[in-house]
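Heads up: the sequence shown begins at 5 in the numbering used here, then just goes up one per residue.
C-beta atoms are modelled at their ideal positions from N, C-alpha and C, and glycine is treated no differently.
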Amino acid sequence: MKIYTKKGDNGTTGLIGGTRVPKNSLRIDAYGTVDELNSYMGVLRDYPIDEKYKKQLIEIQDRLFTVGASLASDPTKAKMKIPNLTNVDVEQLEIWIDKMDMELQPMKFFVLPGGHLVVSFTHVARCVCRRAERIITDLKDKEIVAECVLTYMNRLSDYLFVLSRKLSQDFEVQEQPWHPRM
5 MKIYTKKGDN
15 GTTGLIGGTR
25 VPKNSLRIDA
35 YGTVDELNSY
45 MGVLRDYPID
55 EKYKKQLIEI
65 QDRLFTVGAS
75 LASDPTKAKM
85 KIPNLTNVDV
95 EQLEIWIDKM
105 DMELQPMKFF
115 VLPGGHLVVS
125 FTHVARCVCR
135 RAERIITDLK
145 DKEIVAECVL
155 TYMNRLSDYL
165 FVLSRKLSQD
175 FEVQEQPWHP
185 RM
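Now the structure itself:
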């Protein structure tokens, strides 16, 4: 099977279910941004971080493929069974967040991203996650989106923020507080 089909040469792509849509449609933007986020998760895994975080990131990447498959499906025509996201997936993120948060000092200020490349990339991933969440929110206002997708993405951005703080601690990076100029 060749990687190229030439069907997209006219600026359209196929959803699961066979519907062809413009490549700049909101649905394509949504799952394309989720795919971008998934790639950043791979970047995070490439750093020498604790193995438990690498395992968490692999599980999250799996769920992001599930999110992508859900978003890439025509909700009215797709007959193909795709994996589903559940509240258990959201709860797992919350468990990981709470465990990391217990090891961190309470936040007393906003934090400027940076200090170590892995911390910076974690913040980039958080921002891409937030962008995906905004696009999915817009899509949900116009079309059908699976129930748990938006909740999962919201909790994932929280996870990435707490992970950035935990990695700062692990790499002994001083968090840089934001001091607004008044």
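Under 8 Å between C-beta atoms of residue i and residue j
i	j	result
Thr126	Leu48	yes
Leu164	Arg130	yes
Gly72	Asp50	no
Val132	Thr37	yes
Lys10	Gly18	no
Val123	Val177	yes
Three-state secondary structure assigned by DSSP to residue i
i	result
Ser29	coil
Ile62	helix
Thr155	helix
Thr90	coil
Arg185	coil
Exposure label - residue i; buried when at least 16 CB within 10 Å
i	result
Arg138	exposed
Ser161	buried
Arg24	exposed
Met104	buried
Residues that residue i bridges to, as DSSP identifies them
i	result
Gln180	Leu116
Length of the line joining the Cα atoms of residue i and residue j
i	j	result
Met45	Val166	15 Å
Leu75	Met186	43 Å
Asp142	Tyr156	16 Å
Asp33	Leu121	27 Å
Phe69	Phe114	31 Å
Phe119	Arg169	It should be noted that the sequence gives Gly, not Phe, for residue 119. The straight-line gap from Cα to Cα measures roughly 11 Å.
Lys81	Gln96	31 Å
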